[in-house]
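The structure appears below as structure tokens.
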Amino acid sequence: MLLMGGRMYPWNITDTFYAYSYNCNQWINLMDDATTKVGPYPRQTYAQAMTVEPDGDAVYVIGGWGLDSQSSVLRIELPVDLCNLWPRKRACLAVSGCGYCANKVNEEVRSQQCHANTKECPLDPILNSSRVTNQGRICSAYTSSNCTMMQDCGSCLQTSSCTWCQGACTSNTTQCSVPQLKCQSNRCIATDCIQCHQIPGCDWNYSKRECIPNLQDEEANSVSVCPQPCINYSTCSSCLEVPDCRWSTQLDECISASYQDIYCAGGVCGLVLESEDRQYCPEPCNSFTQCSSCLRHAHCGWCAAPGDRGEGVCAEGSSERPMAGTCNNIYYESSRKLLDDDRNPPDPDDIEAVSSYLNDLNVSYSWHYVKCPPENECLNGHHSCAEESEICVDLDDGFECRCGAGYKAGANGCEPVCPLGKC
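Now the structure itself:
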């Protein structure tokens, strides 16, 4: 088994490359400085696809995410005997399961090889040479001494030199009155509450987000006590009311915390909100009634009505145009407040008919994504001047609040010239 790359909390990406030895029950670092490597090294990546060539000794690494998406295919060739990766004696013998042999002529090493110590030395003899061998650490002896370190039955019985006895892992050379040859299977395997409750004797643990055995009840639990699947929630606020759900601001959808890491690989989910982030839920664009508040949200733009009254509709879109057709259609659909006309108004879904209808009425709405169009905030009430003490003055760009009659500028804004009626 090979393990490559991955992501360590919180965002650090690694270029680790490990092989797991079932015989020795250990991980082998293939990127170790002592191993022989030819060609470019694997990149730091995670969420990549990997496959093994069935008729060869090559591994293919496809795609993945690093600093950005990686559209590449990397071919890695490995020897059948991984011990061959260590060319030097000292590094070779440091790996359990590897042995060392060499041909010497007058104490000079002419050839050497690191190999699996379960096999004979693969070197061909050299005339007038002497053979030097070192068996290294035998896996059975090495793993026997580590049986007590294994905490679960599955890992214990996967190691040939260990046995599971009375709830503990021991060497198979140890006397055991009732050795356990097979682990009790974990039947409570499910990724969400509904799947879990369909398994008899299982219950869903919300804090750990896992399916656990329920020893008090051997019957299947009712799935009605489970919340709806996260995908059924269409708004951020309703999504975050469910303990197991998260809201993806980029995909604009509710996702399960159980598969968030896999589903959001590469940052495709953008900012992911949890239940305690409910106050940061993004509001739909059409909830904003002023251009200034609309353009504070990167996915929103403003369809401005003619004139300087600041009327318009906030809609989802990009720098080029609204997402849903044209501003004329969006404004027509949202307001339906057209000028009086003898003709029947067209179907809102008929974009060409609506545009033609509005053109005949000499009405045109413009799209603004970066900057709001000029408007008279003093007339439409989109200003922040204090009604009692300040006067709104319209400017070419925005507005200005000036102190009104009987008031003067002070540390806290406009203050009365005659406080408490005394000058």
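Numbering-wise, the UniProt record's numbering puts 264 at position 264 of the sequence shown, and it's gapless, one number per residue.
We put the CB at the ideal spot given by N, CA and C, even for glycine.
| What residue range is occupied by the uninterrupted beta strand (DSSP E) comprising residue 130? | 130-134
| said: On the criterion of 16 or more Cβ atoms from any shown chain inside 10 Å, does residue 106 qualify as buried, or is it exposed? | reply: exposed
| Do you know how far the Cα of residue 376 is from the Cα of residue 396? | 9 Å
| Length of the line joining the Cα atoms of residue 89 and residue 239 | 59 Å
| Burial state of residue 149, where buried means 16 or more other Cβ atoms lie within 10 Å | exposed
| query | What runs of the beta strand (DSSP E), each 3 residues or longer, lie entirely inside the segment 45-84? | reply | 49-52, 58-62 and 73-77
| task | Look at the alpha carbon of residue 417 and the alpha carbon of residue 408, and state the distance between them as a whole number of angstroms. | result | 6 Å
| query | In chain order, what residues of the same chain lie with their CB nearer than 7 Å to the CB of residue 49, ignoring the 5 residues before and after it? | reply | 62 and 63
| Under the three-state reduction of DSSP, which class applies to residue 36: helix, strand or coil? | coil
| field | Start and end residues, alpha helix (DSSP H) containing residue 260 | value | 260-263
| task | Express the C-alpha separation of residue 194 and residue 84 in angstroms, rounding to a whole number. | result | 49 Å
| In terms of residue numbering, what span does the alpha helix (DSSP H) encompassing residue 90 cover? | 89-93
| request: State the DSSP-derived secondary structure class of residue 286, mapped to helix, strand or coil. | output: helix
| query | Are three or more beta carbon pairs between the segment 157-177 and the segment 115-125 nearer than 8 Å? | reply | no
| task | For residue 96, count neighbouring C-beta atoms within 10 Å of its own C-beta (all shown protein chains included) and say buried if the count is 16 or more, exposed if not. | result | buried
| Roughly how many angstroms lie between the CA atoms of residue 5 and residue 268, to the nearest whole one? | 19 Å
| query | Skipping 5 residues on each side, what residues in its chain have a beta carbon closer than 7 Å to that of residue 71? | reply | 63
| query | Do residue 230 and residue 248 have their C-beta atoms within less than 7 Å of each other? | reply | no
| Residue range of the unbroken beta strand (DSSP E) whose run includes residue 316 | 312-316
| said: Can you find the residues in the same chain that come closer than 8 Å, C-beta to C-beta, to residue 128, ignoring five residues on each side of it along the sequence? | reply: 105
| query | Closest to residue 365 by CA distance: which of 393, 309 and 296 is it? | reply | 309
| task | Thinking residue 163 and residue 183 are a contact (beta carbons under 8 Å), I'd like their distance in whole angstroms, please. | result | No, residue 163 and residue 183 are not in contact; Cβ-Cβ is about 12 Å, not under 8 Å.
| field | Which of helix, strand or coil DSSP assigns to residue 106 | value | coil
| task | Reducing DSSP to helix, strand and coil, say where residue 198 ends up. | result | coil
| Limits of the beta strand (DSSP E) - the one that residue 303 falls within | 300-304
| query | For residue 339, does the three-state DSSP call read helix, strand or coil? | reply | Bear in mind that the predicted position of residue 339 carries a pLDDT of just 42, short of 50, making it unreliable; the figure below should be weighed with that in mind. Coil, per DSSP.
| field | Selection from 137, 170 and 139 that minimises the alpha carbon distance to residue 424 | value | It is not possible to answer for residue 424, since the shown part of the chain is limited to 1 through 423.
| query | Can you tell me whether residue 402 is buried or exposed, with buried defined as 16 or more other CB within 10 angstroms of its CB? | reply | exposed
| request: Taking 7 Å as the cut-off, decide whether the C-beta atoms of residue 428 and residue 304 are in contact. | output: Residue 428 is absent from the model: the chain starts at 1 and stops at 423.
| query | How is residue 267 classed by DSSP in three states: helix, strand or coil? | reply | helix
| In its own chain, which residues sit with a C-beta less than 7 Å from the C-beta of residue 260, not counting the 5 before and 5 after it? | 246 and 272
| query | Closest to residue 36 by CA distance: which of 87, 228 and 213 is it? | reply | 87
| query | Just curious, the alpha helix (DSSP H) that residue 430 is in, first and last residue? | reply | Missing from the structure shown is residue 430; the chain here goes from 1 to 423 and no further.
| field | Best match in 325, 38 and 79 for proximity to residue 53 [C-alpha to C-alpha] | value | 79
| Which stretch, first to last residue, makes up the beta strand (DSSP E) that contains residue 414? | 413-416
| task | Would you decide whether residue 45 is buried or exposed? Buried here means 16 or more other CB atoms lie within 10 Å of its CB. | result | buried
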